[in-house]
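Data block below; observations after.
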Ligand code: RB5
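In the working numbering, the protein residues as written are 664 to 846.
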């Protein structure tokens with residue numbers, strides 16, 4: 664699989680270790696940084712990884728920040744992304760088996776390095792169960808498509824307000840308007 668890996672400054676030291684593991688497991692890594700230990704806002708990194716997962720450039724993403732939460736919140740704004748904040752083997756396993764999570768979000772501050780390594784390995788090797796879970800994930804996808812289509816059409820209406828010709832306007836008075844105005 665192609666896996667994008669990104670961290671903010673809190674995950675800076677873990678990043679090379681996670682990358683090394685993912686590559687050792689036989690995957691191709693796209694390293695999106697951060698490349699310096701200086702503070703960087705987690706949405707900046709989350710959005711790079713999430714965009715690549717959403718558009719299919721990579722199959723999966725791994726994001727690490729202090730708690731794993733900010734990265735997860737930001738990544739889930741992107742269509743096609745199912746990011747899960749995981750903190751043990753069970754949440755890792757279920758995020759794959761039931762939710763088909765495609766982005767794993769981890770806490771650099773709360774999880775030990777060995778646990779993180781085990782979780783990454785488990786997450787990359789656990790398949791989606793499908794079946795009834797596929798129906799539920801499909802509902803998430805539909806919900807997302809619906810909400811994005813709605814937001815797009817609202818934005819288009821705001822950019823290009825449609826001025827309707829009088830004869831196209833809905834007849835809200837049920838044909839009464841002519842009569843009432845002539846009275
Ligand atoms: C950075 O201080 C911290 O807020 C960030 O790493 C993460 O924990 C956010 O959710």
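Heads up, the beta-carbon is just placed ideally off N, CA and C, and yes, glycines get one too.
In whole angstroms, give me the CA-to-CA distance for residue i and residue j.
i	j	result
residue 768	residue 735	6 Å
residue 745	residue 801	12 Å
residue 838	residue 817	At residue 838, the pLDDT of 45 sits below 50, so the modelled position is not reliable and the matter cannot be decided from this model.
residue 833	residue 714	Low local confidence applies: a pLDDT of 48 at residue 833 is under 50, so the model's placement there is unreliable, and no value is given.
residue 844	residue 707	Confidence in residue 844 is poor, its pLDDT being 37 and thus under 50, which makes the residue's placement unreliable; the coordinate value appears in the next sentence. Each residue's Cα considered, the two are about 59 Å apart.
residue 788	residue 741	24 Å
residue 686	residue 814	39 Å
residue 784	residue 822	47 Å
residue 719	residue 773	30 Å
residue 749	residue 755	6 Å
residue 809	residue 790	27 Å
residue 684	residue 699	20 Å
residue 794	residue 777	33 Å
residue 677	residue 806	35 Å
residue 819	residue 796	35 Å
residue 743	residue 804	7 Å
Along the chain, where does the alpha helix (DSSP H) containing residue i start, and where does it finish?
i	result
residue 727	No alpha helix (DSSP H) contains residue 727, which is instead part of the beta strand (DSSP E) from 723 to 728.
residue 733	732 to 738
residue 673	Premise fails: residue 673 is in no alpha helix (DSSP H) and is neither H nor E.
residue 797	795 to 822
residue 684	678 to 687
residue 707	705 to 717
Taking C-beta to C-beta, are residue i and residue j nearer than 8 Å?
i	j	result
residue 733	residue 695	no
residue 709	residue 688	no
residue 762	residue 716	no
residue 738	residue 673	no
residue 722	residue 665	yes
residue 692	residue 703	no
residue 712	residue 729	no
residue 759	residue 786	yes
Tell me which residue opens and which closes the beta strand (DSSP E) that residue i is part of.
i	result
residue 648	Given that the chain is displayed from residue 664 to residue 846, the structure contains no residue 648 and the question cannot be resolved.
residue 748	746 to 748
Residue ranges of each alpha helix (DSSP H) within the region 750 to 801, 4 or longer: 752 to 760, 776 to 788
Lining residues of the ligand RB5 - beta-carbon closer than 6 Å to any non-hydrogen atom, in sequence order: 671, 673, 705, 728, 729, 730, 732, 733
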